[in-house]
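Colleague:
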Amino acid sequence: MVKLSINNRDVEVPEGTSILDAASELGIKVPTLCHFKLDDFDIESKAGSCRVCVVEVEGRPNLAPSCCTPATDGMKVKTNSVRAINARRTMLDLLLSNHPKDCLTCQRNLDCDLQRLAGEMGLHRILFEGEQMEHEVDRANESIVRDPNKCIMCRRCEAACNVMQTVGILSAVDRGFDAVVMPTNKHSLAETKCTFCGQCVQACPTGALTAVNRSYDVWRELNHPAKFKVVQTAPAVRVALGEAFGQEPGSVSTGKMVAALRKLGFDRVFDTDFAADLTIMEETTELIGRLTSGENLPILTSCCPGWVKFFEHQFPDLINIPSTAKSPQQMFGAIAKTYYAEKADIAPDNMLVASVMPCLAKKYEAAREEFAPNGVRDVDIVISTRELANMIKEAGIQFNDLEESEFDNPLGESTGAGVIFGATGGVLEAALRTAADWLSDEPIEDVNFTAVRGLSGIREATVTVAGKDIRVAIASGLSNARDLLDKIRKGEARYEAIEIMACPGGCINGGGQPSIKGDTSILEKRRQALYVIDEDKQIRKSHENPSIQKLYKEFLGKPGSERAHKLLHTHYTERENA
Amino acid sequence: MPTPLHSEAREEERERQAGFACRVFCCAGTACLSAEGEAVWESLIDARATHGLKDKVDLVRTGCMGLCSKGPLVRVEMADVAPCLYGPVSAMFARLIMTEHVAPALARGDEFIRPEFLASQALPSDLAFFAQQKRVVLSRIDRADPERITDALAHGAYVALAGALEKQPQALIDELQASGLRGRGGGGYPTGQKWANAAGTEADRRFVICNGDEGDPGAYVDRSILEGDPHAVLEGMLLSGYAVGASHGYVYVRAEYELAVRRVRCAIEQAREQGLLGDAVMGSDFAFDCKVFTAAGAFVCGEETALIASIEGQRGTPRPRPPYPSECGLWGCPTVISNVETLANVPRIIEQSAAWFRSIGTADSPGTKVFSMAGRARLAGLVEVPMGTKLSTVVDSLGGGTKTGRPVRAVQIGGLSGGLVPAEQLDTTLSYEAMSELGSIVGSGGMIVLDDNDDLLDLARFFLQYAVEESCGRCAACRIGTHQLLNLATKIREEGATDDDLVLAERLSETMQATSLCGLGKAAPRTLMSFLRNWSDLVPRKETSTGGDA
Chain A
1 MVKLSINNRD
11 VEVPEGTSIL
21 DAASELGIKV
31 PTLCHFKLDD
41 FDIESKAGSC
51 RVCVVEVEGR
61 PNLAPSCCTP
71 ATDGMKVKTN
81 SVRAINARRT
91 MLDLLLSNHP
101 KDCLTCQRNL
111 DCDLQRLAGE
121 MGLHRILFEG
131 EQMEHEVDRA
141 NESIVRDPNK
151 CIMCRRCEAA
161 CNVMQTVGIL
171 SAVDRGFDAV
181 VMPTNKHSLA
191 ETKCTFCGQC
201 VQACPTGALT
211 AVNRSYDVWR
221 ELNHPAKFKV
231 VQTAPAVRVA
241 LGEAFGQEPG
251 SVSTGKMVAA
261 LRKLGFDRVF
271 DTDFAADLTI
281 MEETTELIGR
291 LTSGENLPIL
301 TSCCPGWVKF
311 FEHQFPDLIN
321 IPSTAKSPQQ
331 MFGAIAKTYY
341 AEKADIAPDN
351 MLVASVMPCL
361 AKKYEAAREE
371 FAPNGVRDVD
381 IVISTRELAN
391 MIKEAGIQFN
401 DLEESEFDNP
411 LGESTGAGVI
421 FGATGGVLEA
431 ALRTAADWLS
441 DEPIEDVNFT
451 AVRGLSGIRE
461 ATVTVAGKDI
471 RVAIASGLSN
481 ARDLLDKIRK
491 GEARYEAIEI
501 MACPGGCING
511 GGQPSIKGDT
521 SILEKRRQAL
531 YVIDEDKQIR
541 KSHENPSIQK
551 LYKEFLGKPG
561 SERAHKLLHT
571 HYTERENA
Chain B
579 MPTPLHSEAR
589 EEERERQAGF
599 ACRVFCCAGT
609 ACLSAEGEAV
619 WESLIDARAT
629 HGLKDKVDLV
639 RTGCMGLCSK
649 GPLVRVEMAD
659 VAPCLYGPVS
669 AMFARLIMTE
679 HVAPALARGD
689 EFIRPEFLAS
699 QALPSDLAFF
709 AQQKRVVLSR
719 IDRADPERIT
729 DALAHGAYVA
739 LAGALEKQPQ
749 ALIDELQASG
759 LRGRGGGGYP
769 TGQKWANAAG
779 TEADRRFVIC
789 NGDEGDPGAY
799 VDRSILEGDP
809 HAVLEGMLLS
819 GYAVGASHGY
829 VYVRAEYELA
839 VRRVRCAIEQ
849 AREQGLLGDA
859 VMGSDFAFDC
869 KVFTAAGAFV
879 CGEETALIAS
889 IEGQRGTPRP
899 RPPYPSECGL
909 WGCPTVISNV
919 ETLANVPRII
929 EQSAAWFRSI
939 GTADSPGTKV
949 FSMAGRARLA
959 GLVEVPMGTK
969 LSTVVDSLGG
979 GTKTGRPVRA
989 VQIGGLSGGL
999 VPAEQLDTTL
1009 SYEAMSELGS
1019 IVGSGGMIVL
1029 DDNDDLLDLA
1039 RFFLQYAVEE
1049 SCGRCAACRI
1059 GTHQLLNLAT
1069 KIREEGATDD
1079 DLVLAERLSE
1089 TMQATSLCGL
1099 GKAAPRTLMS
1109 FLRNWSDLVP
1119 RKETSTGGDA
């Protein structure tokens, strides 16, 4: 332990603690910009590049960046000396001098760390004029807009891309005033092995990395007089949307969300949870098939498009082991435009299927070539949780005052197994519930496979199902996925089933969710909320979903049938590493 | 133990040299070579052949002889006669030296009288430029062929190493700590302390790096040492390696220093042949080998953490310290990283003792410092003086004042990291302590003499432009700060300064100095600041001030 004083108050902290963290122990918040820390995921980026968190340390000729200066015994720190305040303001003046002044029309307006700090520090005029960086804006993909002109070189996105996700796309290029974070050789994201997970967007303090906004397209479609408008909502959306309206993290706002979507003008509000149940039917069938034959194990889940693109680029040799089941989003689209369209007597090309997703990669997924049979997209437009929140505000809907509404049927009926897809471990647990029933003589009573739950990056368990031991593993966050796959590749670990989600914690922490601003406790609250919904459900096993049973009876036949394969399964493509 | 290979080579070479009646030395430093030094050399060889003097006259290409402004330089040495230094020497004149000086002098002995036209091109033998130097680091540079290790051996190279291998590593560390040697690259950190830190850090592997990424405008000290006496540097690295327990070294040299790179590579190869590098250094169980890492020439890679990053194949940008490289350096291993001149000091200290070293210089700054004097200096080039020498001594006595005959206005010292020392303050001594009191630094050795016709604001803008181009872009203070400060300086040049401009320049400079991640950003404002503070009467002013706070 080391003892130091900050603003004349003593504090004792473990050796190696930064001055920044020591100050926070005393409730002193030193302003920061480039510092980025996700406690529960062991991610900390302290590039020390913004120089905003500088403080006065007695005896040092220069100011010390508090985020990357370790506290030492006897240190005397002043966070608000005139020199420190002057320096901080000057640093912000400098950053603003090379930053576009289009705050009013920036996607991050009122949600920008640079803007907020400028306000807090009372910068009321532009001190430094002169030329600014001029880079092309990268809009060449479905998910992420990269505007290097707004990059302040904080390098937070690099920590997300290279450390948290080990995708390795983003790094600094060029030098001096021209230095900016970009893919190598200034490629556009579309040309790289970017997974579009969107964690870089979540990490970016400014508008340099933002989500592609499709809300206008939704508005246009909603106002189309002839189209039949269907929307699906992913499990993780309902436990985060409320935050955008001032609700406590972990609030469940399913009913209000459904009501809001109706008010926006959707003809039917359906649930991706339904399709999650459907995914379990297909994936569990595949799992049992592989368990029985003992071939092609382990099976890897394939619900997460970021993860799918990751293994297509990085593990092409393992391309045959992920489940061929489409993701719930794509299964929903396929069923909506066939089974439901037929039932409701609507021409598929006259139906809009929109998705509300916690995810930016889902935008990319919906646009993948193989998901448009006969030229008609299974899913037409994907918007994120944040975009939906903005649309609700734009429409003047008083979200918190809405009377709760229920999903439409049949594609709105779902089980507890469907909703836990939103958290890491949920897909595997849902599959185990069904597998256990199908492999046993009698339905299981306790459906809580708690061993697979939690937020830690890699979890392993052996689950006994019908007297059979199934070794399972769960990874969330692509660096963890990489570690797990490396082990499998080298034959160091054996499992029968593995669930992988690209984002740490799963979809609750997706790139399209309201920002947690580094507070990972919010994720735990979202996670618990999903399990509360699960507990409250009458039916908690996917195969017991009556609408699913009806779907198979009326339309698909058996899980794994030819028709099911045609509509609900996909294939993967080996992709180049740019 | 059999006589080590290199000892035999040393004796042979000494005998060989003693066999010549006359030795003619020709400077082969970059400055002389770029002034048709190559033609001078060929001319000497040719003339020697013409006179059939191959057995009597030894021709030697040396490192930088120092007086670059008079290059190319040729020195004639004969027994019992004072050496005679000629410069500038043309190819034609080189032939005359051989025909009218060397050949007749050898033929006539004492009877020989040098013709008047030769004397006019000779430099006075008591020239203060040389007489007032104290050559420790440069002791061999003007008398041994850097491309022949035997010549270096004959002049005492690797004697220190041979002695050191008989001792415990800790004894070397103690000696170096006692010597008070401080890093000559600019930082001035005690080198012995770095050794102690690296040796005291638990590790499987340790590294030694020679920092030859000299980049300050006007500085060419390290280049000259690498070109002129690469073995002094290699020996310094070997001693560092032995002291801290490292078995690998990197000589990090910018690729633009072609000659230095070539000579160091040659030196490494020859040292391996002599058993001075490799698995068993001098037949001992100490293993050490070196390789040259040619750098892309980014100024900021002279900063040690950026340098290490670039060897590792990473983007060459500094990182926050601590941890310092002596604890966590190359590939995460303890790494002693020292500047070229610092390393060249090490063998001399180990050979002669810490007490000897401390007898030179001042209490806080023992030893000597090499400077590369340029600008308006009448005699420009490489000088080595004891620490504590007055700046005025170097400029007025060694440098001989200005070549324009105009009064000195200022001396820019320490390159980017230094500042302008006004003429009135030239009494300041060259030492870490005195220069830091002045707000400047001894720095890497660049010294630019300016007269009262020189535009200091333009010089400051030049340095800022350099900083803008060389900023790595990692921290905002430097990335945007240098850019904005240059804008301000240009505005002052073009429109004249308002009160606001001056306040803003001051505030920005202070912030850059207090917050930049590495020395580049901290140093960038120095020259402009020393101009604005010391020559307020020379700052162009705009008539009307807009007022208001900045």
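Residue numbers (our numbering), protein chains in the order written: chain A, 1 to 578; chain B, 579 to 1128. Positions of the beta carbon are idealized from the N, C-alpha and C atoms, including for glycine. Source: prediction; values computed, not measured.
What residues match up with L960 (chain B) in a beta bridge as DSSP calls it?
Modeller: Start at 1 with the first residue of the second sequence, and residue 960 (chain B) comes out as number 382. B:S950.
Colleague: Taking a cut of 8 Å between CB atoms, which residues from the stretch 1017 to 1048 of chain B lie near chain A?
Modeller: Cβ contacts with chain A: V1046, E1047 and E1048.
Colleague: Counting only Cβ pairs nearer than 8 Å, list the residues of chain A close to P898 (chain B).
Modeller: Counting from one through the second sequence, the residue named residue 898 (chain B) turns up at place 320. Here the neighbours are K46, G48, P65, C68 and T69.
Colleague: Taking three-plus beta-carbon pairs below 8 Å as touching, is the stretch 797 to 817 of chain B in contact with the stretch 836 to 850 of chain B?
Modeller: At 8 Å Cβ cutoff, the stretches touch.
Colleague: According to DSSP, simplified to helix, strand and coil, what is A988 (chain B)?
Modeller: For the purposes of this step, residue 988 (chain B) is identified with residue 410 of the second sequence, where counting begins at 1. The answer is strand: DSSP assigns A988 (chain B) an E or B state.
Colleague: Roughly how many angstroms lie between the CA atoms of S1114 (chain B) and N923 (chain B), to the nearest whole one?
Modeller: Start at 1 with the first residue of the second sequence, and residue 1114 (chain B) comes out as number 536. Start at 1 with the first residue of the second sequence, and residue 923 (chain B) comes out as number 345. Rounded to the nearest angstrom, the two C-alpha atoms are 41 Å apart.
Colleague: Is there a C-beta anywhere in chain B that falls below 9 Å from the one on R146 (chain A)?
Modeller: Your numbering for residue 146 (chain A) matches position 146 in the first sequence. No - not a single Cβ of chain B is within 9 Å of the one on R146 (chain A).
Colleague: Whose CA, out of A:L33, A:C197 and A:I169, lies closest to the CA of E191 (chain A)?
Modeller: Along the first sequence, one-based indexing puts residue 191 (chain A) at 191. When each option's Cα is compared against that of E191 (chain A), the closest is A:I169.
Colleague: Is it buried or exposed for T233 (chain A), if we count other Cβ within 10 angstroms and need 16 for buried?
Modeller: Sequence index remark: in the first sequence, residue 233 (chain A) carries index 233 (1-based). Burial call: buried.
Colleague: Is D794 (chain B) buried or exposed, if buried means 16 or more other CB atoms sit within 10 Å of its CB?
Modeller: Within the second sequence, numbered from 1, the residue matching residue 794 (chain B) stands at position 216. The residue in question, D794 (chain B), is buried, as its Cβ has 16 or more Cβ neighbours within 10 Å.
Colleague: Does the structure place the stretch 812 to 823 of chain B close enough to the stretch 557 to 564 of chain A that three or more beta carbon pairs sit under 8 Å?
Modeller: Contact between the stretch 557 to 564 of chain A and the stretch 812 to 823 of chain B is absent, because fewer than three Cβ pairs lie under 8 Å.
Colleague: By Cβ distance, which residues of its chain are closer than 6 Å to T728 (chain B), with the 5 residues on each side in sequence left out?
Modeller: As a position in the second sequence, residue 728 (chain B) is number 150, starting the count at 1. Only A587 and E591 meet the Cβ criterion.
Colleague: Taking 9 Å as the CB-CB cut-off, is I1058 (chain B) touching chain A?
Modeller: Here residue 1058 (chain B) refers to the residue found at position 480 of the second sequence. So yes, I1058 (chain B) belongs to the interface.
Colleague: Determine, for E1015 (chain B), whether the minimum Cβ-Cβ distance to residues of chain A falls below 9 Å.
Modeller: In the second sequence, counting from the first residue as 1, residue 1015 (chain B) sits at position 437. No, no contact with chain A.
Colleague: Using only the alpha-carbon positions, how far apart do F1109 (chain B) and N509 (chain A) sit?
Modeller: Against the second sequence, residue 1109 (chain B) aligns to sequence position 531. Against the first sequence, residue 509 (chain A) aligns to sequence position 509. Computed Cα separation, rounded: 54 Å.
Colleague: Verify whether the separation of the beta carbon atoms of G992 (chain B) and S1022 (chain B) is less than 9 Å.
Modeller: Here residue 992 (chain B) refers to the residue found at position 414 when the second sequence is read from its first residue. Here residue 1022 (chain B) refers to the residue found at position 444 when the second sequence is read from its first residue. Cβ distance < 9 Å, so G992 (chain B) and S1022 (chain B) count as in contact.
Colleague: Using the beta-carbon of each residue, which ones in chain B are nearer than 7 Å to A87 (chain A)?
Modeller: Taking the first sequence and counting its residues from 1, one reaches residue 87 (chain A) at position 87. Within chain B, the residues near A87 (chain A) are T1089, A1092 and T1093.
Colleague: Buried or exposed, going by whether 16 or more other CB atoms sit within 10 Å of the CB of A436 (chain A)?
Modeller: In the first sequence, residue 436 (chain A) corresponds to position 436, counting from 1. Classification for A436 (chain A): buried.
Colleague: For chain B, check one thing: does any of its Cβ atoms lie closer than 9 Å to the Cβ of I152 (chain A)?
Modeller: Mapped onto the first sequence, residue 152 (chain A) falls at position 152. Yes, contact with chain B.
Colleague: Please check the pair F785 (chain B) and L976 (chain B), which I expect to be a contact at CB under 8 Å, by giving their CB distance rounded to whole angstroms.
Modeller: Against the second sequence, residue 785 (chain B) aligns to sequence position 207. Against the second sequence, residue 976 (chain B) aligns to sequence position 398. That pair is no contact at about 38 Å.
Colleague: Check each candidate in A:L360, A:Y340 and A:G422 and name the one with the smallest Cα separation from M351 (chain A).
Modeller: Mapped onto the first sequence, residue 351 (chain A) falls at position 351. Comparing Cα positions, the closest option is A:Y340.
Colleague: Within the stretch 986 to 1032 of chain B, note down every full beta strand (DSSP E) run reaching 3 residues or more, in order along the chain.
Modeller: Counting only runs of 3 or more, we get 986 to 991, 997 to 1000 and 1024 to 1029.
Colleague: Which residue or residues does DSSP assign as beta-bridge partners of M357 (chain A)?
Modeller: Numbered from 1 along the first sequence, position 357 holds the residue referred to as residue 357 (chain A). DSSP lists A:S384 as partners of M357 (chain A).
Colleague: Please report the distance separating the alpha-carbon of C503 (chain A) from that of S171 (chain A).
Modeller: Here residue 503 (chain A) is taken as the residue at index 503 of the first sequence, counted from 1. Here residue 171 (chain A) is taken as the residue at index 171 of the first sequence, counted from 1. If you take the alpha carbons of C503 (chain A) and S171 (chain A), they lie about 20 Å apart.
Colleague: Does the Cβ of K541 (chain A) have 16 or more other Cβ atoms within 10 Å, making it buried, or fewer, making it exposed?
Modeller: Counting from one through the first sequence, the residue named residue 541 (chain A) turns up at place 541. Buried: at least 16 other Cβ atoms inside 10 Å.
Colleague: Less than 8 Å between C-beta atoms, sequence neighbours within five positions excluded: which residues of the same chain meet that for A1128 (chain B)?
Modeller: The residue given as residue 1128 (chain B) occupies position 550 in the second sequence. For A1128 (chain B), the predicted model reports a pLDDT of 47, less than 50, meaning its position is unreliable and no value from the coordinates is stated.
Colleague: Does A172 (chain A) have its Cβ less than 9 Å from a Cβ in chain B?
Modeller: Sequence index remark: in the first sequence, residue 172 (chain A) carries index 172 (1-based). It does: the Cβ of A172 (chain A) has a partner Cβ on chain B nearer than 9 Å.
Colleague: Going along chain A, which residues have a C-beta under 9 Å from C1050 (chain B)?
Modeller: Position 472 of the second sequence, counting from 1, holds the residue named residue 1050 (chain B). Ordered by position in chain A, the residues that pass the 9 Å Cβ test against C1050 (chain B) are A172, R175, G176 and A179.
Colleague: Which residue's Cα is closest to the Cα of L1095 (chain B): B:E847, B:R899 and B:R936?
Modeller: As a working note, residue 1095 (chain B) is residue 517 in the second sequence. If we check each option's Cα against that of L1095 (chain B), B:R899 comes out closest.
Colleague: With H, G and I counted as helix, E and B as strand and the rest as coil, what does DSSP make of D486 (chain A)?
Modeller: Here residue 486 (chain A) is taken as the residue at index 486 of the first sequence, counted from 1. Correct three-state label for D486 (chain A): helix.
Colleague: Can you list the residues of chain A that R1086 (chain B) reaches, using a CB-CB cut of under 7 Å?
Modeller: Here residue 1086 (chain B) refers to the residue found at position 508 of the second sequence. Residue identity check: residue 1086 (chain B) is Leu in the sequence provided, not Arg. Under the 7 Å cutoff, chain A gives T90.
Colleague: Assess contact between the stretch 177 to 191 of chain A and the stretch 112 to 127 of chain A, defined as three or more Cβ pairs (one per stretch) separated by less than 8 Å. Is contact present?
Modeller: Too few Cβ pairs lie closer than 8 Å, so no.
Colleague: Need the endpoints of the beta strand (DSSP E) that E56 (chain A) sits in, please.
Modeller: As a working note, residue 56 (chain A) is residue 56 in the first sequence. It spans V54 to V57 - the beta strand (DSSP E) in which E56 (chain A) sits, taken as one unbroken run.
Colleague: In chain order, what residues of the stretch 104 to 120 of chain A put their CB closer than 7 Å to some CB of chain B?
Modeller: For the stretch 104 to 120 of chain A, which is checked against every Cβ of chain B, not one residue is closer than 7 Å.
Colleague: What is the rounded straight-line gap between the Cα of I500 (chain A) and the Cα of R489 (chain A)?
Modeller: Working through the first sequence from its first residue, we reach residue 500 (chain A) at position 500. Working through the first sequence from its first residue, we reach residue 489 (chain A) at position 489. Cα to Cα, the separation comes out at about 16 Å.
Colleague: Using the C-alpha atoms, what's the distance from I498 (chain A) back to F310 (chain A)?
Modeller: Reading the first sequence from its first residue, position 310 is the one you call residue 310 (chain A). Reading the first sequence from its first residue, position 498 is the one you call residue 498 (chain A). For F310 (chain A) and I498 (chain A), the distance between alpha carbons rounds to 15 Å.
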